[in-house]
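All remarks here apply to the structure that follows.
In the working numbering, the protein residues as written are 19 to 437.
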């Protein structure tokens, strides 16, 4: 009997994983919290820094070509929306009978087995995974899975699998903006009012920011993108203000990589650093948000700076402070996590051994062994496997897919990506 594989998440890595499994003859089901590529759609207006050659696999390219699908050129730099339209949706079409959308995995365990059972033995692999998920709609793509009628059970579903591969990413689990990575006072109650993701300042959203004061917290590429996208709003009204807080005591808010091989990334960094000096932008380094209070249609913010606590009033809050893995879904499994990154320990240790200043493009594959957890046949790959480390590349995810299937099949030479 073919082993049953459940893939969590129908993003770029989840889809590629399912395609690999299907091509090898496994019984594969993809459980997606929202819709296919929903996280990518969140930043669909943003252009990828990396060319298309780094973001697709030879296997998918070949199978799509057999269906008459024409792919972008290898040197094309796609927006997120273009990536979905021209690649991810056609890829999902190859897996149409295997994807369950609007089905959020909430818990994973083993049948008849608790977390502290069979420690350090292979006995746990004799019990199938039990997966509980919440369905958001009564008409998912797949109406039956085994003996379960998905239309019959609207609120909760149960699945079984021999192998579980978590590719759910981190974009849906933003970090807190408060000092020390925990909520600022008042932040928890205002969670739904704060923008933790990238915003498209289009005709619909721009009106909320033009002529108003916006607080931005963050010093990574997402924050830099927000600042770059904010420039047209500064031009439309001299009353538009941006208060930008960064945690580090650096000379500029965004690091510029010398001789950056990705011109788009370098341009975003340069634009953000230039705009930090704009008269309508106030950049404050070595700053941390301590408290947020509602104030009519805006907010009173208490910020800790080297000169002490300061108070300011803003109309909007954007927190581009990174994302973390949601490890609650596998809390009943035996997973060894890193104390710093919250990623699986073996991979995290390999990543921590690298220089923190190294460019993500210099990464090399870490091999299959670092993807093994104490929990047999449970794998975390993709962005989630990096935890709080933001250096993940889709190219690395493709290598992880290849590596875990050498473990699953027991064939160390298996490589469906060989050209």
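Think of the CB as a built atom: it goes at the ideal place given N, C-alpha and C, for glycine as much as any other residue.
From a predicted model like this one, the values you see are computed outputs, not experimental measurements.
| Query | Result |
| --- | --- |
| Alpha-carbon to alpha-carbon, residue 420 and residue 135 | 30 Å |
| Exposure of residue 214, with buried meaning 16 or more beta-carbon neighbours within 10 Å | buried |
| Beta bridge counterpart(s) of residue 15 as assigned by DSSP | Outside the shown range of the chain (19 to 437) lies residue 15, about which nothing can therefore be said. |
| Identified DSSP bridge partners for residue 300 | 261 |
| Under 8 Å between C-beta atoms of residue 46 and residue 36 | yes |
| Coil, strand or helix - residue 334 by DSSP | strand |
| Proximity winner among 97, 38, 54, relative to residue 63 (alpha-carbon distances) | 97 |
| Option nearest residue 434 by Cα separation, candidates 34, 25, 261 | 34 |
| Extent of the continuous alpha helix (DSSP H) to which residue 247 belongs | 239 to 254 |
| Nearest residue (CA-CA) to residue 365, options 392, 346, 344 | 392 |
| Own chain residues within Cβ distance below 6 Å of residue 294, not counting five before or after | 271, 301 |
| Test item: CB-CB of residue 183 and residue 347 under 8 Å | no |
| Span separating the alpha-carbon of residue 48 from that of residue 119 | 8 Å |
| Extent of the continuous beta strand (DSSP E) to which residue 322 belongs | 316 to 323 |
| The stretch 352 to 369 in contact with the stretch 227 to 239 per 3-pair CB rule at 8 Å | no |
| Outcome for residue 30 when other beta-carbon atoms lying within 10 angstroms are tallied against a minimum of 16 | buried |
| Within 8 Å, strictly: CB atoms of residue 334 and residue 227 | yes |
| Residue from 77, 76, 99, 41 with nearest C-alpha to residue 61 | 99 |
| Beta-bridge partners of residue 183, as assigned by DSSP | 25, 397 |
| Other residues of its chain near residue 53: CB distance less than 6 Å, five sequence neighbours each side excluded | 119 |
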